[in-house]
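Participant: In our numbering, the protein residues as written are 4 to 190. Okay, here's the structure, questions in a sec.
This is the structure:
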């Protein structure tokens with residue numbers, strides 16, 4: 004009998020800390036590690052296997068959106084943001100390469116909450132731009148490509164702590180990813 008009373012008290016206390024899923028606006032930011040992997044043999048005759056640019060750097064993003072709560076546990080939403088994937092640089096086959104990739108994102112999201120913990124997935128597009136230089140020659144490129152990700156969140160009232168992994172499926176590049184942690188405020 005005592006054990007059941009303790010569990011009920013703990014459950015009730017946890018319910019006061021987190022807020023059930025509700026429709027509304029949110030905004031926040033995240034920081035983490037951005038990775039870019041690209042084959043530098045694109046249009047250049049280099050030995051096989053071609054050298055690969057594979058570097059990580061500090062990345063950050065700002066996001067905002069709206070969630071539509073379909074129940075206490077399930078939501079659909081829309082999320083947009085700005086992402087800065089750092090400024091990775093390296094010497095590839097003794098050629099200095101530096102990149103400065105950024106992008107605007109727009110996602111459709113789906114989330115499931117189990118108590119204060121939730122899982123979410125998102126799919127959408129990134130409108131990206133990269134400025135950089137290869138062997139001292141500057142270049143600028145841009146485009147639109149698919150983007151998607153998954154994450155976990157922990158709700159504490161109107162504050163949400165989240166961790167997520169995003170993939171930016173940019174054509175002609177092997178991998179562009181970001182692993183981040185951040186805080187979101189819900190209104």
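In this text, a Cβ means the ideal position worked out from N, Cα and C, and glycines have one as well.
Report all residues from its chain with a CB closer than 6 Å to the CB of residue 169; omit the five preceding and five following residues, and keep chain order.
Facilitator: 152, 181
Participant: Roughly how many whole angstroms lie between the Cα atoms of residue 114 and residue 81?
Facilitator: Going by C-alpha positions, residue 114 is about 11 Å away from residue 81.
Participant: From this set, 77, 96, 103, 124, which residue's C-alpha is nearest residue 109's C-alpha?
Facilitator: 124
Participant: I need the DSSP call for residue 26, collapsed to helix, strand or coil.
Facilitator: coil
Participant: How far does the beta strand (DSSP E) with residue 75 in it reach, from first residue to last?
Facilitator: Residue 75 -> no beta strand (DSSP E), and no H or E assigned at all.
Participant: Alpha carbon to alpha carbon, how far is residue 79 from residue 26? Give it in angstroms, no decimals.
Facilitator: 9 Å
Participant: On the CB-based measure, 16 or more other CB atoms within 10 Å of its CB, does residue 97 come out buried or exposed?
Facilitator: exposed
Participant: If you compare alpha carbons, which of 132, 56, 112 is closest to residue 68?
Facilitator: Its Cα nearest to that of residue 68, the residue 112 stands out among 132, 56, 112.
Participant: In angstroms, rounded to a whole number, what distance separates the CA positions of residue 149 and residue 139?
Facilitator: So the alpha carbons of these two residues sit roughly 30 Å apart.
Participant: Are the CB atoms of residue 163 and residue 29 within a distance shorter than 9 Å?
Facilitator: yes
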